[in-house]
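Beneath this line is the structure, given in structure tokens, with notes to follow.
Residue numbers (my numbering): 5 to 169.
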């Protein structure tokens, strides 16, 4: 919600000032762009907007869902990743180096080893879809991956209890 309000205010100010582009800074992470004839404020991306801790090798389970990107560092199985409150939103961007053949499929879980970047504390607590995640990991380079197959959020216990199929 906060990001939406900031975006709205910035677009009003930019449209009144006549500015064609606003330089990105940590305090100001949007640039004005014209789509068709309408000015819009476009996010410059996490790499340009956030400060990160030093890059490090990370291993864990990633569940790639519709409007979800669950990552649990050091998890061994998908069930560990799905139930933890310590999960992070796993973010890929246009600068992420992907190995040949790695084409993530929605609804699948993956065992990943990658070089990751974690934002320094105090910058944001809203990441991912609709800002609903308190933590985020930006993937710089995927080192290794294993497709664990389709993820079923139902789980055996819920299925046995008749709560889902």
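C-beta atoms are modelled at their ideal positions from N, C-alpha and C, and glycine is treated no differently.
Buried or exposed (CB count within 10 angstroms, at least 16 for buried), residue i
i	result
residue 36	buried
residue 74	buried
residue 109	exposed
residue 25	For residue 25, the predicted structure reports a pLDDT of 42, less than 50, and the residue's modelled location is therefore unreliable. A value from the coordinates is still provided. It is exposed - the Cβ of residue 25 has fewer than 16 other Cβ atoms within 10 Å.
residue 104	exposed
residue 147	exposed
residue 123	buried
residue 76	buried
residue 61	exposed
residue 29	Confidence in residue 29 is poor, its pLDDT being 48 and thus under 50, which makes the residue's placement unreliable; the coordinate value appears in the next sentence. Looking at its Cβ environment, which holds fewer than 16 other Cβ atoms inside 10 Å, residue 29 is exposed.
residue 113	buried
residue 70	exposed
residue 92	buried
residue 34	buried
Residue range of the unbroken alpha helix (DSSP H) whose run includes residue i
i	result
residue 144	Unbroken run through residue 144 is the beta strand (DSSP E), 140–154; no alpha helix (DSSP H).
residue 52	50–53
The ligand COA heavy atom lying under 7 Å from the CB of residue i
i	result
residue 138	The ligand COA is absent from the structure shown, which contains no ligands of any kind.
Start and end residues, beta strand (DSSP E) containing residue i
i	result
residue 69	60–69
residue 131	Per DSSP, residue 131 belongs to no beta strand (DSSP E) and is neither H nor E.
residue 34	34–39
Cβ-Cβ distance between residue i and residue j below 8 Å
i	j	result
residue 120	residue 97	no
residue 54	residue 101	no
residue 63	residue 86	no
residue 51	residue 99	yes
residue 84	residue 65	yes
* To do: Any chance you could list the beta strand (DSSP E) runs of at least 3 consecutive residues sitting entirely within the stretch 78–127, in chain order?
  => Taken in chain order, the complete beta strand (DSSP E) segments of 3 or more residues contained in the stretch 78–127 are 92–95, 112–121.
* Examine the Cβ distances between the stretch 120–135 and the stretch 39–46 and report whether three or more of them are shorter than 8 Å. => No, the stretch 120–135 does not touch the stretch 39–46.
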